[in-house]
Amino acid sequence: MFNSTVLDVAIGLAFLYLLLGLMCTTVNEWIAGVMKLRAKNLELGIRRLLTAPSDGTQLIRPVDLKNAGKLLVELATGTGELTAFIRSQFDDANKALITSYVAGETPTPAMVTAVCAELNKQVQNKDLFTESRFPQRSMAVDQIKKQLQTGQVAATNRKLLEDAYPDMIGTLTDDFYGHPLIKSLIPINDVKGSAAPGQAHPSYVPARTFALAVMDIVIKGQQGPTDFKTLLRGIQAMPDSDVKLSLLALMQNIDAEVPGALATAQARIEGWFNDAMDRVSGAYKRRTQVLTVIVAVLITIASNADTVQIANKLFISPALRDTVVAAARERAAGPKPLSDIEYTDPTDPKPSLPVDAAGSRDTGEITSKQRELLGQFSGWANEFRVFNQMVNKTTAGESAYDCVAGRSTTPECAAALKKADMAGDSFPGLQLVTQYTVTPVWLWYVVPMHLVGWLLSAIAISLGAPFWFDTLNRFMNIRAAGKSPDEAPKGAEKKVA
Amino acid sequence: MKFLPAAGSALLIVVLPLTAAASTLVLKNAFIEKFKNRVTIDSSFRIDHVLPKPHPIGSGGDDGDLHMSGSGDTIGLPVVAEIVNAGAASQLALTQKAEGDDGKTVKLSGAWRVWFEHPPGNGGSQTQGEAVPPSDNSNPPHVFEVHPVTSFDGTSILKSFDQIPKYMAYDAATAFGEYEKLTATITANASATAIDSQKAGHNYAEFIIELGGKPAAADDGGLLVLAQVFQDEETTVTSAPRRMVFTAGTSAADAVKSGKKGDRFHVLGIPRVNLERISFATHQNPGKTFTVPLPYEMVIVAVLP
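From first to last, the protein sequence lines stand for chains A and B. Going by this note's numbering, the first residue of the first sequence is number 1, and it counts up by one from there. Going by this note's numbering, the first residue of the second sequence is number 1, and it counts up by one from there.
Listed below in structure tokens is the structure:
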């Protein structure tokens, strides 16, 4: 049973799945890029790490006050239009608390709560924005008005307040993404030399960069050499929050007097980030798996890749089978996929930096020859031909398809067939909608015939191109055990002069 | 009826690969970076089960090793530790001691070894850092080994790195022919790297190496050197030089430490995944899934006459 024909059919299927899998990967990557899935996923993880759990609102919490003392002084005595407006809206009790603050002292929790309450009153105020109140803003006036009109009052006002009091209100996450080390990771538009349009955040942050950025934010960008004591003081000066508690916990048992204390602290922050990213990447993988299945189903139906029919074509046509196996052999024996991992310097067993070997990579592209081959096994030509036959009818109402099925030779049938032949296997276009009596019958003909094959194909494609590359190689190895005499002998041996 | 063979083929293509599905090992990037240029690892070791006696000596899996299953804090994976030449007089006392140590936690050192020889079945995975339940046998599904062991419970057994008397190792063509066919599908993110690979075997291989240069110091004091691999005086068995690793303090390391380009040695070695090349490849392809020939290197157990 397990003869070479069955093996060749299996090789052919694996090869075609590999090509379809590459298409699936390309579409997936495109969707992930357009929707910025990686960047959004990373941001979600970093926000969870650097911010207290979101309460689902835009309200300003005590943890969001970067310098509560300075804000209390500003709101009590500031002369700006915005500050004066906010002060005019104070409740009496809050006003008493806020104005009782003495500069330089640590604000009491009641004072901080009072400030948050007053600010949140403005966060929810739909009439807060005027151009004169917010001379410093990161959004254009049109954008602000549009957001307010579409009901995004809280989000817009919060952003306006952060812009108005930049060193007093904000989150560690915002500081993090605003840090030059992180901004430099945003993909660059090669043509314009600026950040890619709409790309606000990087999709990949190395643990070391994360730790360095966080440490720099904590010590408030202090220039020159720093040490562990400075870092610890910076953490202790942070507003009370989960982040502060986490960082303090990470710094426990580090002896400030021991050389390398700062490096130890950095390593612990990197570990903290790595652990959090493990959870984030798990969630991302689950989300992309769902996307992969959806894309696989769409590609299967769009290309009418029916496993049963493909296997049948391969089985009954030795010529087609040989062509596919030859193409599969060529692909399997081609350049190593994606990465050349060999050492480039035989005298250096531990090279310090990876060298980009992009030139030696298989880019995963499908060649025109492979596209032609795919076209021979998939596509809608036959089904469209049937549709065109169903649409063209005799004067008696009999369709050309009925004429074919009934082997009729009447002049009316011949005329209908001729008309259908002229349409051939062309895409029926709008007729699929306008011929509303024919389309359901056609679908009833098409879907049951392909359902099982589509299901098998969709499952196979969703396993991914790397899986089918491995499988193809495995099948090729089995086949090589009984290779044909004209094939070159495969052996690891080669003579060295 | 004509659809039957085609349907059979379709079923075969979907089912066969699934039955031979690759297993996955997920390692933390920090671990990879720390150990990629080290030969050995030091860890605590919770001994779950010790094989009652060393393997017999013959060929293939009858290699005279003593197996112990367990887990270690530095490793965070199911581990099997293997003492080479366990029946030899120099190790016999230690072997007998280990046999009574089930349930104890000891200090363990040895060559770390990632190899998909006994991976979890059905395409399963093992993730570094997950809890490791105690095993009731000495050979549970595992991808991580400490093999060969260099020190057990404070007792050095570096002398076990030696030729295994009467053992017939795999010849170079057979062993390396298999190693060179293996592939790995690798996915890395900011913190971890997943390595999918097929079941592998051919533990001990006997071969000739020709050094590509002077051996370099590994991060733990061992030696690293790239070398061409030969089956005999003139026939190579690998497509490119492979990295050879030598454990500090072994007679094999002493023999090659002053070696230079072109020097040849007849050696006995065991394969392991080359984490340095894994790190290299993932740095080239951040965030991507890619398939490469499985990068491997050889832990040299002995320089043979």
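Every residue, glycine too, gets a C-beta built ideally from N, C-alpha and C.
- Counting only residues of its own chain and dropping the five nearest sequence neighbours on each side, Tyr165 of chain A has a CB closer than 8 Å to the CB of Leu71, Glu74.
- Chain-ordered, the chain A residues with CB closer than 9 Å to the CB of Leu226 of chain B read Tyr343, Asp345, Pro346, Thr347, Asp348, Pro349.
- Under the criterion of beta carbons closer than 8 Å, Phe15 of chain A and Val324 of chain A qualify as touching, at roughly 6 Å.
- The Cβ of Tyr445 of chain A sits no closer than 8 Å to any Cβ of chain B.
- Using a Cβ-Cβ cut-off of 7 Å, Asp278 of chain A is close to Ser191, Ala192 of chain B, given in chain order.
- Per DSSP, Leu298 of chain A is one residue of the alpha helix (DSSP H) stretching across 261–303.
- Against chain A, a Cβ distance below 9 Å from Arg277 of chain B picks out Ile341, Glu342, Tyr343.
- Residue burial annotation: Trp444 of chain A is exposed, with fewer than 16 other C-beta atoms found within 10 angstroms of its C-beta.
- Non-local beta-carbon contacts of Asp153 of chain B in its own chain, meaning distances under 7 Å to residues more than five positions away in sequence, involve Val106, Lys107 in chain order.
- For Pro295 of chain B, the nearest CB of chain A lies under 8 Å from its own CB, placing it at the interface with that chain.
- Between Leu211 of chain B and Gly259 of chain B, the CB-CB gap stays under 8 Å.
- Nearest Cα to Phe265 of chain B within the set B:Glu206, B:Ala217, B:Glu33: B:Glu206.
- For Ser184 of chain A, the nearest beta carbon of chain B is not closer than 8 Å to its own beta carbon.
- A straight-line Cα-Cα distance of about 44 Å links Gly213 of chain B and Gln370 of chain A.
- Taking all protein chains in view, the Cβ of Val63 of chain A is crowded by 16 or more other Cβ atoms within 10 Å, so the residue is classified as buried.
- Among the residues of the region 129–155 of chain B, those with a Cβ less than 9 Å away from any Cβ of chain A are Gly129, in the order of the chain.
- Each residue's CA atom was taken as its position, placing Leu455 of chain A and Gly12 of chain A some 18 Å apart.
- Closest in alpha carbon position to Ser184 of chain A, among A:Ala213, A:Lys159, A:Leu161, is A:Ala213.
- Rounded to whole angstroms, the Cβ separation of Asn67 of chain A and Met168 of chain A is 5 Å, and the two are in contact under 8 Å.
- Put simply, of B:Thr289, B:Pro56, B:Ala218, B:Val267 the residue whose alpha carbon is nearest the alpha carbon of Phe161 of chain B is B:Val267.
- When rounded, the separation of the alpha-carbon atoms in Val446 of chain A and Leu417 of chain A is 20 Å.
- Counting along the chain, Ser4 of chain A sits inside the alpha helix (DSSP H) bounded by residues 4–34.
- Comparing alpha-carbon positions, the option among A:Glu330, A:Ser303, A:Pro346 lying closest to Asn382 of chain A turns out to be A:Ser303.
- About 14 Å separates the CB atoms of His55 of chain B and Ser69 of chain B; that is not less than 8 Å, and the two are not in contact.
- By the Cβ neighbour-count rule, Gly221 of chain B is exposed, with fewer than 16 other Cβ atoms within 10 Å of its own.
- Leu42 of chain A is a Cβ neighbour of Val280 of chain A, given a cutoff of 8 Å.
- Minimum Cα-Cα distance from Tyr204 of chain A among the listed residues A:Arg38, A:Arg474, A:Lys220 corresponds to A:Arg38.
- As DSSP reads the structure, Tyr170 of chain B sits in a beta bridge with B:Ala205.
- Counting only runs of at least 4 residues, the region 250–295 of chain B fully encloses the following alpha helix (DSSP H) elements, listed from N- to C-terminal order: 251–256, 275–284.
- The criterion of a C-beta distance shorter than 8 Å is not satisfied by Ala296 of chain A and Leu472 of chain A.
- Ranked by Cα distance from Trp115 of chain B, the first of B:Ala190, B:His283, B:Tyr204, B:Ser151 is B:Tyr204.
- The beta carbons of Ile270 of chain B and His118 of chain B sit about 14 Å from each other, so the pair does not count as a contact at 8 Å.
- Identification of residues in the region 60–82 of chain A having a C-beta nearer than 7 Å to some C-beta of chain B yields an empty set.
- For Ile310 of chain A, the uninterrupted alpha helix (DSSP H) segment begins and ends at 307–316.
- Ile32 of chain B is classed as buried because its beta carbon has at least 16 other beta carbons within 10 Å across all chains shown.
- In chain A, no part has a C-beta under 8 Å from the C-beta of Pro271 of chain B; the shortest such distance is about 14 Å.
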